[in-house]
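Report on the structure given below.
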Amino acid sequence: MTDGAWHADVAVIGAGPAGCSAALWLSEMGLTVALVEQTGRLLARLDDLQLTQNWVLGAPAASTADLAQRYAAHVQMQPGIRIALGEAIAQARRSASGGWQLVTAAGQGIDAHAVVVATGLRALTFGACSGPAAPLDAQRLASQRAHWPAGRFLLLGGGDNAVENAVYLARAGHVVTLWSRGPLRAQRYLVTQLASFPSHRLRLRVGQPMPERLVSRADGEGHAWQVQSAAHGAESFDHVAVLFGNVPDATVLHLLAQAAGSVDALPGAGVFVAGDLSGRWHPSIATAIADGADTAKKLQHWLEHAPARLIPAAAGTPAPERDAGLRILSLTGLRFAANLGILDHERANPQPIEVSVELNLGQQPLAPPDDHILHVLDYRKVRQIIIDECTAEHVNLLETLVGKLCTRLLQLPGVQGVRAKITKLEIFDDCEVAIRMEAGLW
Ligand SMILES: Cc1cc2nc3c(=O)[nH]c(=O)nc-3n(C[C@H](O)[C@H](O)[C@H](O)COP(=O)(O)OP(=O)(O)OC[C@H]3O[C@@H](n4cnc5c(N)ncnc54)[C@H](O)[C@@H]3O)c2cc1C
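The sequence shown begins at 0 in numbering that gives the first Met the number 0 and counts up one residue at a time.
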C-alpha cells in the first residue's frame, strides 16, 4: 500500500464517456472506483465540442455540451466513485498483492486491484511549425469556429473533419483553403458540398505535398500565420488547422505494460481498455458509452475469477481507510396514510403507517468532493419516493408493501442495500404491527 493513497477496487483512467460509463457500471455492481482525469472537468473533450447531433438514441438534436453536463452530473452524484480532477497518471507499478499502485504527476497515490484505461485519442500534429502559437486541432476548431469574425483559414487534411470544417467555415463567410496531400477521404455527401462554393470562397489543393513550414507570429490580440511551400511560395492566413486525424492516446497503457512486462500481460493483470482507445471503427459517444459498460462486465468477471486474495475487496470490503467510510442514509418515523390491508374498513379508508428506512450507499469519502447537493443522494427525493410508492395503490399485505418499497429504493443510484420497516400504527389498541425487510448488500 502507498502512504496517503486512495484505495479502490478499480482505478478508471480518463473521464470521457467511456471512463464515466465504466465507473458508473462498476459502482452499480458494488465496486469502489477511483476516477482519474487529467483535465479539470469530467467529460471535458465532449463539453468543449459544442456540436449538435442526431445520433444519440432518444436525444434528437442533442448538443454534445448538454450531454457532457448530464453525464457528469450523473457520475458526480453516484456513490462509490471518488473523482480526481486535474491529475494525470505518471507512474505505475504492481503491488505485492498482485494489484496496482498508480501515482499521478501531482503525487497522489491510487491503489487498486484492477485498472480501466479510457484515455481516448490524441490528434496527429504537424512537425514543421514554429512561433508562439500552435495550429488549431479538430477539438479546438469545433469549439471555437462559431465565434470568429470572417478571416482566411488554411485547413490541412482530407478526411471527414477537414471537409466538414471547410464546408462549415465557407458557409459562415470565411475564405477557406483546404489542402490535402492525397485524394479527399471524406464521406461522399460531404465532398459533394464543396462544389457549391465559388473558388474565391473555397480553394481546393488536393494531392499536393504539404507546406514546408508554418510560422505563427503575434498579431494584435491573436496570431497570424505565414505558410511557406514550394508550389505557392509565402502565403498569409489568419488561422491554420491541422486535421490529420487521431491516434490512440496510449501513454498510460504503455506505463502499465512496462510494469506488467508486456502489453500481452495486461489482461491477466487486470488492465482493461475502453472507448476510443480500444480502436473503434466508428469512434463516437454511443460506442464509448457501450464500451464502458462492456468493459465493466468483463472486469467484474475477471475479479470474480482472480486469485482469492482479490475477492474480498472486490466484494465490497476494502482495507480500512482513514479518509473513507460506509455511508448510510436513514429516514426514521415517516408517518402518513396508506391504503393497506384485507379488512373491510382497511379497504374503505387509508390508515396511518410509519416508515423507517436505511440505505447503504457503500464506501464513500468522509466528505463529498464538494459541498454540492448534486453529488449526493437527495433525501428530500427519497422521502417523496417512499410516500409515492406506499400510496400509489391499495395492497393487501404489509409484506407486499415492504417488498415494493425495497425494490424501488434499490433502483436509486448508488444504493447497494436497503433496510425498511413499515408499521401499522392503529390496527390494534394494545400494540403496533410491523414488518422489517433487509435487501441488497449489507
Ligand atoms: C472534433 C470532434 C468532434 C466529434 N464529434 C462527435 C459527435 O458529434 N458525436 C459523437 O458521437 N462523437 C463525436 N466525436 C467523437 C467522441 O468525442 C469520442 O468518440 C468520445 O469522446 C470517446 O470517448 P472516450 O471516453 O473513449 O475518450 P475521450 O472522450 O477522448 O476521453 C478520454 C479522457 O481521458 C483523459 N486522459 C487522457 N490521458 C490521461 C491521463 N494520463 N490521465 C488522466 N486522464 C487522461 C482525457 O483528458 C479525456 O478526458 C468527436 C470527436 C472530435 C475530436
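C-beta: ideal position from N, C-alpha, C; glycine also. These figures come from a predicted structure and were not determined experimentally.
Answer with yes or no whether the minimum CB distance from residue 434 to chain B is below 8 Å. Protein chain content of the structure displayed is limited to a single chain, and chain B is not contained in it.
With distances taken from CA atoms, which of 153, 221 and 249 is nearest residue 132? Taking the sequence shown and counting its residues from 1, the one referred to as residue 132 is at position 133. It is 221 whose Cα lies nearest to the Cα of residue 132.
From what residue to what residue does the alpha helix (DSSP H) around residue 300 run? Counting from 1 along the sequence shown, the entry for residue 300 is found at position 301. That run of the alpha helix (DSSP H) goes 284-303.
Quick check: what's the CA-CA separation for residue 18 versus residue 260? Sequence index remark: in the sequence shown, residue 18 carries index 19 (1-based). Sequence index remark: in the sequence shown, residue 260 carries index 261 (1-based). Taking the straight line from one Cα to the other gives about 24 Å.
What does the Cβ neighbour count give for residue 66, buried or exposed, with the cut at 16 atoms within 10 Å? Here the question's residue 66 lines up with position 67 in the sequence shown. Buried, by the Cβ-count rule.
Cβ neighbours of residue 76 in the same chain (closer than 6 Å, five flanking residues each side left out): For the purposes of this step, residue 76 is taken as the residue at position 77 of the sequence shown. 373 and 374.
Quickly, what does DSSP pair residue 6 with across the bridge? List them, please. Sequence index remark: in the sequence shown, residue 6 carries index 7 (1-based). According to DSSP, residue 6 bridges with 110.
In the stretch 15-84, which residue ranges form an unbroken beta strand (DSSP E) of at least 3 residues, counting only runs that do not cross its ends? 32-36 and 80-84
Check whether the Cβ atoms of residue 404 and residue 392 lie closer than 8 Å to each other. On the sequence shown, residue 404 is found 405 positions in, with the first residue counted as 1. On the sequence shown, residue 392 is found 393 positions in, with the first residue counted as 1. Contact: no.
Does the beta-carbon distance from residue 326 to residue 363 come in below 8 Å? Position 327 of the sequence shown, counted from the first residue, corresponds to residue 326. Position 364 of the sequence shown, counted from the first residue, corresponds to residue 363. Cβ atoms of residue 326 and residue 363: closer than 8 Å.
Within the continuous alpha helix (DSSP H) that includes residue 432, where are the two ends? By one-based count along the sequence shown, residue 432 stands at place 433. No alpha helix (DSSP H) contains residue 432, which is instead part of the beta strand (DSSP E) from 432-439.
Within the continuous beta strand (DSSP E) that includes residue 408, where are the two ends? Taking the first residue of the sequence shown as 1, we reach residue 408 at position 409. No beta strand (DSSP E) contains residue 408, which is instead part of the alpha helix (DSSP H) from 397-409.
When the Cα atoms are used, what is the spatial distance from residue 378 to residue 431? One-based indexing of the sequence shown puts residue 378 at position 379. One-based indexing of the sequence shown puts residue 431 at position 432. C-alpha separation (whole angstroms): 26 Å.
Among 20, 425 and 177, which one has its Cα closest to the Cα of residue 348? Counted from its first residue, the sequence shown places residue 348 at position 349. Nearest option by C-alpha distance: 425.
Considering only residues of the same chain and omitting the five flanking positions on each side of residue 85, which have a CB-CB separation below 6 Å? Taking the first residue of the sequence shown as 1, we reach residue 85 at position 86. Excluding sequence neighbours, residue 85 sits near 39.
Starting from the Cα of residue 453, find the closest Cα among 199, 231, 200 and 219 and give me that residue. With the chain covering only 0 through 441, there is no way to say anything about residue 453.
Can you tell which of 35, 192, 28 and 72 has its C-alpha closest to the C-alpha of residue 371? Start at 1 with the first residue of the sequence shown, and residue 371 comes out as number 372. Of 35, 192, 28 and 72, the residue nearest in Cα terms is 72.
Local conformation of residue 327 per DSSP, three classes: Indexing the sequence shown from 1 puts residue 327 at position 328. Note: residue 327 maps to strand in three-state DSSP.
Specify the secondary structure class of residue 206 as computed by DSSP and reduced to three states. Residue mapping note: residue 206 aligns to position 207 of the sequence shown, counting from 1. The three-state secondary structure of residue 206, taken from DSSP, is coil.
Whose C-beta lies closer than 6 Å to the C-beta of residue 7 among residues of the same chain, with five residues either side of it excluded? As a first step, residue 7 must be located in the sequence shown, where it is residue number 8. Excluding residues within five positions, the ones whose Cβ falls inside 6 Å are 31, 32, 33 and 111.
Looking at the secondary structure, which residues open and close the beta strand (DSSP E) in which residue 238 lies? Counted from its first residue, the sequence shown places residue 238 at position 239. Note, residue 238: beta strand (DSSP E), 238-241.
Rounded C-alpha distance that separates residue 5 from residue 109: What you label residue 5 is simply residue 6 of the sequence shown in a count that begins at 1. What you label residue 109 is simply residue 110 of the sequence shown in a count that begins at 1. The alpha-carbon atoms of residue 5 and residue 109 are separated by roughly 5 Å.
Locate the beta strand (DSSP E) running through residue 179, then write down its first and last residues. Counting from one through the sequence shown, the residue named residue 179 turns up at place 180. Residues 174-179.
Select from 92, 354, 88 and 22 the residue whose C-alpha is nearest the C-alpha of residue 249. Residue mapping note: residue 249 aligns to position 250 of the sequence shown, counting from 1. Residue 249 has its Cα closest to that of 88, out of 92, 354, 88 and 22.
Leaving out five residues before and five after residue 283 in sequence, what residues of the same chain have Cβ atoms less than 8 Å from its Cβ? Here residue 283 corresponds to residue number 284 of the sequence shown, with the count starting at 1. Correct list, in chain order: 54.
Can you give the Cα-Cα distance for residue 279 and residue 101, rounded to whole angstroms? Indexing the sequence shown from 1 puts residue 279 at position 280. Indexing the sequence shown from 1 puts residue 101 at position 102. Between the alpha carbons of residue 279 and residue 101 lies a gap of roughly 26 Å.
So, for residue 180: in the same chain, excluding its five sequence neighbours on each side, which residues have a beta-carbon less than 8 Å away from its beta-carbon? Looking up residue 180 in the sequence shown gives position 181. The residues are 157, 206, 207, 208 and 209.
Exposed or buried, which one is residue 435 when buried takes at least 16 other CB atoms within 10 Å? What you label residue 435 is simply residue 436 of the sequence shown in a count that begins at 1. Exposed is the call here.
Within the present structure, is the beta-carbon of residue 345 separated from the nearest heavy atom of ligand 1 by less than 7 Å? In the sequence shown, counting from the first residue as 1, residue 345 sits at position 346. It does not: the Cβ of residue 345 is nowhere closer than 7 Å to a heavy atom of ligand 1.
Where residue 25 and residue 295 are concerned, what is the direct C-alpha to C-alpha distance, given to the nearest angstrom? Counted from its first residue, the sequence shown places residue 25 at position 26. Counted from its first residue, the sequence shown places residue 295 at position 296. Looking at the two C-alpha atoms, the distance is approximately 6 Å.
Let me check understanding here. Comparing Cα to Cα, which of 12, 355, 340 and 258 lies closest to residue 118? Start at 1 with the first residue of the sequence shown, and residue 118 comes out as number 119. Considering only alpha carbons, the answer is 12.
Tell whether a beta-carbon distance below 8 Å holds between residue 159 and residue 185. Reading the sequence shown from its first residue, position 160 is the one you call residue 159. Reading the sequence shown from its first residue, position 186 is the one you call residue 185. Yes, Cβ-Cβ distance for residue 159 and residue 185 is below 8 Å.
Counting Cβ pairs, one atom from each stretch, are 3 or more of them under 8 Å apart for the stretch 398-414 and the stretch 351-363? yes
Would you mind giving the Cβ-Cβ distance between residue 9 and residue 74, rounded to the nearest angstrom? I have them listed as a contact below 8 Å. As a position in the sequence shown, residue 9 is number 10, starting the count at 1. As a position in the sequence shown, residue 74 is number 75, starting the count at 1. Not quite, the Cβ-Cβ distance comes to about 14 Å (not below 8 Å), so this is no contact.
Relative to the alpha-carbon of residue 247, which residue among 268, 58, 273 and 264 has its alpha-carbon at the smallest distance? For this step, residue 247 is matched to residue 248 along the sequence shown. The alpha carbon of residue 247 has as its nearest neighbour, out of 268, 58, 273 and 264, the alpha carbon of 273.
Exposed or buried, residue 15, counting other C-beta atoms within 10 Å across all chains shown (16 or more means buried)? In the sequence shown, counting from the first residue as 1, residue 15 sits at position 16. Classification of residue 15: buried, given that the 10 Å Cβ count is 16 or more.
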